[in-house]
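A short worksheet on the structure shown next.
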């Protein structure tokens, strides 16, 4: 995967390093050449500054006075007008007399830079080892490069800072999109000034989100309209079927009528769940929630399903788990209608899958300021492999018995998500039944 950050870092640092290397080499060569010219000037200056008296000596001068003029870096030879050698420094390489001017020679496997100067009464020849010149020139050239050595790491640090700051809006956009809810389709807006280069991307993204929002809204509207349009004729058909059965105009076996009514009830239940799911999908995750009493809604749900539980001799009850008090109203931030749908679906599923003479408990818990709801039954439970999928829409387990559309837990999960809670399922430790938990609900202020 290509990274813009690594690509910019790599090429900018490589470019600065290459440019610094080229500049350093050019500076080094220039400094080296200037140092060589300086040393040539030094040889010329030494030759010109030698005292005239040195040429009048008939013997080789080796006294202390001459040692100041001929150290280990410079060798001096002087010939008189008759061509006789009248002076030679102690460490002279025994170079023969050469022509005037500068030249580089090799003597005893060592290179020398030699300068000859003809004067009216003598000939002066000054020589210097090339190795000495190169060492001094290298030292001077390297001294000119130290600012570049400091500039390069500073430039690399500046590149890191600039690239990091320059890509900050992209990272901010990535974080914003990664933390967004799946249902959040409002336009993207970054805090602060947005770089001009990112405006086309953000505009295209917002246009895509707008089109997705329109398509999603159209889909929800279609499902809601279809469910609403189907609910009325199905209810009317059921009433007509019951009326015809009572007045004798519908003649059929009892089992046939029972099957027709059972399937008609299933279709009506499916339409009602589709309508509830469409209504929940139409609500935004951040919709305004009001203070409601979860206990009052739970009491109403238990009351509504008491007759259905009695038909199967199921012990249905509402429990307040310690340390909550009996008078606790469990006030939370929520939407009453949606919470009623949540509890109704949980109780409906539990009662349907609990055998006769079983038990279903709706338990309210408080852990500090957090409130949770549990529905525990004594039914067959759910295979562990199917628990991650049972909240998917229209999913029904392989061992599911009776009528159902596979939308009940999907609706519960959607309502829980809108209230900032999560749905979790686990089989009971004794191997009998299932416990469904929805938590945590946001407490109302002062709850």
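In the numbering used here, the protein residues as written are 46 to 492. Even glycine gets a Cβ: it sits at the ideal position worked out from N, Cα and C.
- Per the coordinates, the alpha-carbon of residue 179 lies some 12 Å from the alpha-carbon of residue 74.
- The Cβ-Cβ distance between residue 373 and residue 365 falls below 8 Å.
- Shown here, residue 422 sits in a strand according to DSSP, grouped into three states.
- In this structure residue 82 is exposed. Its beta-carbon is surrounded by fewer than 16 other beta-carbon atoms within 10 angstroms.
- Contact between the stretch 404-413 and the stretch 352-362 is established, with three or more Cβ pairs separated by less than 8 Å.
- Pairing residue 347 with residue 420 gives a Cβ-Cβ distance that is not under 8 Å.
- If you compare the alpha carbons of 190, 225 and 141 with that of residue 128, the shortest gap goes to 141.
- In the pairwise beta carbon analysis, the stretch 384-397 is classified as touching the stretch 338-356: at least three pairs are separated by under 8 Å.
- The C-beta distance from residue 185 to residue 80 rounds to 5 Å, short enough to fall under 8 Å.
- Per DSSP, reduced to three states, the secondary structure at residue 141 is coil, with no helix or strand assignment.
- Using a Cβ-Cβ distance cut-off of 8 Å, the stretch 455-471 and the stretch 377-391 are in contact, since at least three pairs of beta carbons, one from each stretch, lie closer than that value.
- Membership of residue 178 in any beta strand (DSSP E) is not indicated; the residue belongs instead to the alpha helix (DSSP H) covering 175-188.
- Between the stretch 49-59 and the stretch 185-196, the count of Cβ pairs shorter than 8 Å is below three; the stretches do not touch.
- Counting along the chain, residue 51 sits inside no beta strand (DSSP E); it lies in the alpha helix (DSSP H) bounded by residues 49-94.
- The DSSP assignment places 381-398 as complete runs of the alpha helix (DSSP H) inside the stretch 360-420, in order along the chain (cut-off: 4 residues).
- Within the same chain, 97, 100, 125 and 126 come within 8 Å of residue 166 by CB-CB distance, once the 5 residues on both sides are set aside.
- Taking C-beta atoms under 8 Å as the contact rule, residue 119 and residue 170 fail to qualify, at a distance of about 11 Å.
- Relative to the Cα of residue 144, the nearest Cα in the group 207, 334, 159 and 470 belongs to 159.
- Around residue 465, the same chain offers 487 as residues with beta carbons nearer than 6 Å, after the five sequence neighbours per side are excluded.
- With fewer than 16 neighbouring CB atoms inside 10 Å of its own CB, residue 191 falls in the exposed class.
- A distance of 8 Å or more separates the beta carbons of residue 235 and residue 212.
- In this structure, residue 470 places its C-beta atom within 8 Å of the C-beta atom of residue 427.
- Under the DSSP assignment, residue 468 falls outside any alpha helix (DSSP H), being part of the beta strand (DSSP E) whose first and last residues are 467-472.
- Between the alpha carbons of residue 238 and residue 344 lies a gap of roughly 52 Å.
- For residue 484, the three-state secondary structure derived from DSSP is strand.
- The three-state reading of DSSP puts residue 130 in strand, counting E and B together.
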